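Encoded as structure tokens, the structure appears first; notes follow it.
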Amino acid sequence: MSRLLYRIGAGAARHPWRVVSGWLLAALLIGALASAFGGTMQDSFKIPGSDTQRTNDVLQDHFPAMSGTSARVVAHTETGSFRSSDFDGVREALEDLTSVSDVPPVALSEDRRTAVLSVQYDVPVTEFEGSEALDELESATTPLVDAGYQVEFGGPVPENAQEVSSHAEMVGVAVALAVLLFAFGATIAASLPLAVAFTGLAIGTSGVTLLAAVTDMSTNAPTLASMVGLGVGIDYALFIVTRHRDNLARGMSVPESVGQATATAGQSVVFAGGTVLVALTGLQFSGVPDFATMGYATGLVVLVTVLAAVTLLPALLGGLKFRVYSRRARREGRFESSMSHSPTAARFAQMVGRRPVAWLVGSVIALVALSAPALGMNIGQSDAGNEPESSTIRQAYDLIEAGFGKGANGPLTVAVELDRVGGEDGLRQVEEDLSNTTGVASVGAPVISPDGTTAVLTVTPQSGPQDEETADLVEHLRSDVLPDGAGITSWTAAMIDLSDVLMDHLWLVIGVVIATSLLLLLIAFRSVVVPVKAALVNLLSVGASYGVMTLAFQTGTGTDLLGLPGEVPIPAYVPLLMFAVLFGLSMDYEVFLLSSVRESFLRTGDSKASVVEGLASTARVITSAALIMVAVFLGFAFDPSVVIKMIGVGMSAAILIDATLIRLIVVPAAMALLGRWSWYLPSWLDRLLPRVDAHGAESPAIEPARELQPVA
């Protein structure tokens, strides 16, 4: 593959504007197609095999008016002077809104200070774009505001309409640019990784939009794809630009330098991107379609980014020639790489190599200590009660809890198929059984479907939606109270089922991600030891990131730093999603570091010296890449979504840990202990594995260095 990449890189450098024009044309074409024919992101909210899914299917078939999303209008007055006449016109206005199927009579709290109008839609929440539905609610309830009521909005519709901030990406990009400027000392060289990343992101996300036209794509898919695409795009380009500048400093011509950089660093980029892609395939086995689509979207962006790194970037390097250096360096003819050999890293690697056991044990203890808080991770569902107190959805949540009780924020919808429970007599028995169940605060009057086959009951728990008692109540109702033909749905029940399904599939996802990553590394490095070691240290890194995330979101100090009103339960899908993504990203640095170590080992046969040389030659560039990735991910900690905050904090912690404890200590110490055994491969397996040059060893020979003349 390295010979192929050499020809691609050198050819692109010799004919740069053809390649650049091709990418520009592709970006415009795909962007135009996405604008004309692309779909909208839409969560399927399907949880195959769950009681929630079965109940939703019943409602969709027999009671479509009750199968859509909902919203709540909460009106509050401190005086207690509630007037029912104030709500008559408002209720009629709400009934006339787009896709509204029902607005039941107003519910009034016992103290007559809080009133709630529930708005039922017959479409899913993703049918609404931006804040259009919330804007309609605000317009319809203007008379209540004019009458002196405090009006707040809760439920899925207002929650879905929260503004998505672009500050997260911008913070990360600004820090990335600063790191690149410091590393290269040249504005043009610093801008190239950003150009490649944004190109891959633009084309990749346009492709995701086109996919959304033919299949459901999760609304969170673009955010995750942007987060990962920006990070890997900048990093991959950084590695190739650095190798190119090294080659120029050795006296190569521009096309040859670009070709060699693409054949070596570009080869590592291909395998690093491959590890991310195979790790993302693990989401296919999560048991939840929405998470599979997140993997597809992110994988598409990563794939386009890799292609841009090995084709578009070489063309840009060829067109810019020596402008990857500063004007002063070109004028004086000083072509040096600012990130080539690191004497400090070499000395540190030698120090670790002299006492590998002590360093290895100490670092593993530190990683285990960081992972320990994850044992107390509170897996649950975050909701409006975890949002900032200034938001309308949080104020609606608090007003409902104060006026109607904790459980009113998480009502359960019970759908009863009348022919399966014995008709009206069976329905009355279901009502009675529900009312007599411990933990149930109230049971609403049944609503019969237009075809007379299905009844819907609203059950209000005594406990809140995040309380463990609510999950226990749902399980008790399903297993011991409700007969066949009756099921439970609602947002609260769906989150409970989602957690159960994901936890049931967790080990399958872990197994698939580890197995596929092991196979790819086995082929790349032709060693059975290196992949196993990589998997073990990456598990330590992921575990440590879980611990940091637990400390950040489930301790008072952490939530204060993040500006959250209190501790937040971590949804089950966040650790699962992070595992698949982080395992792939952690392999990136493993591939880049070990590729350099392997090159040195193949050249010298000295296992210990190759570790020192490999770490010394990659330490600066890996550190710079890690700083960029941490900045990109940490920028998402400023996102208004609590879940995006979690993913951003967890991923940035994992990359920081991976680039310090793992790459600087654990890997060198382990390889120093293993020696030549690091590259052990049974002969029978050697014959079975395909021959792939993952390190550029087969790339065309480097011609002798030539003295470069100053370039104006």
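Using UniProt numbering, the letters of the sequence shown correspond one by one to residues 1 to 712.
For glycine and all other residues, C-beta sits at the position ideal for the given N, C-alpha and C.
Just so we're clear, the structure is a prediction, and the values are computed from it rather than from any experiment.
>> Going residue by residue through the region 358-417, where are the continuous beta strand (DSSP E) segments of at least 3 residues, counting only ones entirely within it?
In response: 412-417
>> Can you look up histidine 62 in the DSSP assignment and give me helix, strand or coil?
In response: helix
>> Give the list of continuous alpha helix (DSSP H) stretches no shorter than 4 residues that lie fully inside the region 69-126.
In response: 85-95
> Got a sec? Which residues, its chain only, sit under 7 Å from threonine 660 by beta carbon, not counting five neighbours each side?
Replying inline: none
> Taking buried to mean at least 16 other C-beta atoms within 10 Å of its own C-beta, is valine 145 buried or exposed?
Replying inline: exposed
> Under 8 Å between the Cβ atoms of leucine 412 and valine 459?
Replying inline: yes
> Are the CB atoms of alanine 237 and valine 171 nearer to each other than 8 Å?
Replying inline: no
>> Does serine 586 pass the burial test, meaning 16 or more other C-beta atoms within 10 Å, or should it be called exposed?
In response: buried
> Thinking C-beta only, is serine 2 closer than 8 Å to alanine 358?
Replying inline: no
>> What would DSSP say about isoleucine 234, mapped onto helix, strand or coil?
In response: helix
> serine 517 lies in the alpha helix (DSSP H); which residues open and close that run?
Replying inline: 491-525
> Hey, out of Phe404, Thr453 and Arg113, whose CA is closest to glutamate 424's CA?
Replying inline: Thr453
>> Between which residues of its own chain and leucine 522 is the CB-CB distance below 6 Å, once the five residues before and five after are set aside?
In response: Pro531
> Quick one: any contact between the region 15-33 and the region 115-134, if contact means 3 or more CB pairs under 8 Å?
Replying inline: no
>> Please list the terminal residues of the continuous beta strand (DSSP E) segment that includes serine 442.
In response: 440-443
> Would you say valine 414 faces chain C, with C-beta separation under 8 Å as the test?
Replying inline: Here chain C cannot be found, since the structure has a single protein chain.
> Going by DSSP, what residues sit across from threonine 458 in a beta bridge?
Replying inline: Thr413
> In this structure, does DSSP put alanine 619 in helix, strand or coil?
Replying inline: helix
> Are the beta-carbon atoms of leucine 59 and alanine 372 separated by less than 8 Å?
Replying inline: no
> Within 10 angstroms of its Cβ, does aspartate 187 collect 16 or more other Cβ (buried), or is it exposed?
Replying inline: Inspection of the sequence shows that residue 187 is occupied by threonine rather than by aspartate. With fewer than 16 Cβ atoms within 10 Å of its Cβ, threonine 187 is classed as exposed.
> Measuring CB to CB, does serine 517 end up less than 8 Å from alanine 272?
Replying inline: no
> When DSSP builds the beta bridges, which residues end up paired with isoleucine 448?
Replying inline: Ala455
>> I'd like the span of the alpha helix (DSSP H) that includes glutamine 429, first residue to last.
In response: 423-435
> So glycine 154 is in the beta strand (DSSP E); what residue range does that whole segment cover?
Replying inline: 150-154
> Who pairs with isoleucine 488 in a beta bridge, going by DSSP?
Replying inline: Val414
> Exposed or buried, what is leucine 313 when buried is set at 16 or more other beta-carbons lying within 10 Å of its beta-carbon?
Replying inline: buried
> Alpha carbon to alpha carbon, what distance is there between valine 103 and serine 118?
Replying inline: 6 Å
>> With a threshold of 6 Å on Cβ separation, who are the neighbours of arginine 494 within its own chain once the five nearest residues in sequence on each side are excluded?
In response: The question names arginine, yet the displayed sequence has alanine at residue 494. Once the five neighbours on either side are set aside, the close Cβ partners of alanine 494 are Thr52.
> Relative to the alpha-carbon of valine 548, which residue among Val288, Leu367, Pro143 and Arg687 has its alpha-carbon at the smallest distance?
Replying inline: Leu367
> Who pairs with isoleucine 570 in a beta bridge, going by DSSP?
Replying inline: Ile379
> Pick from Gly558, Pro48 and Ser67: whose alpha carbon is nearest that of serine 449?
Replying inline: Ser67
>> I need the DSSP call for lysine 46, collapsed to helix, strand or coil.
In response: coil
> With glutamine 120 and valine 100 assumed to form a contact (beta carbons below 8 Å), what rounded beta-carbon distance in angstroms separates them?
Replying inline: 7 Å
>> Please return the same chain residues whose Cβ sits closer than 6 Å to the Cβ of asparagine 160, not counting the five positions on each side in sequence.
In response: Val125
> Over what stretch of residues does the alpha helix (DSSP H) that includes valine 542 continue unbroken?
Replying inline: 529-553
>> Can you look up serine 247 in the DSSP assignment and give me helix, strand or coil?
In response: The displayed chain sequence assigns asparagine, not serine, to residue 247. In this structure, asparagine 247 counts as helix in the three-state DSSP scheme.
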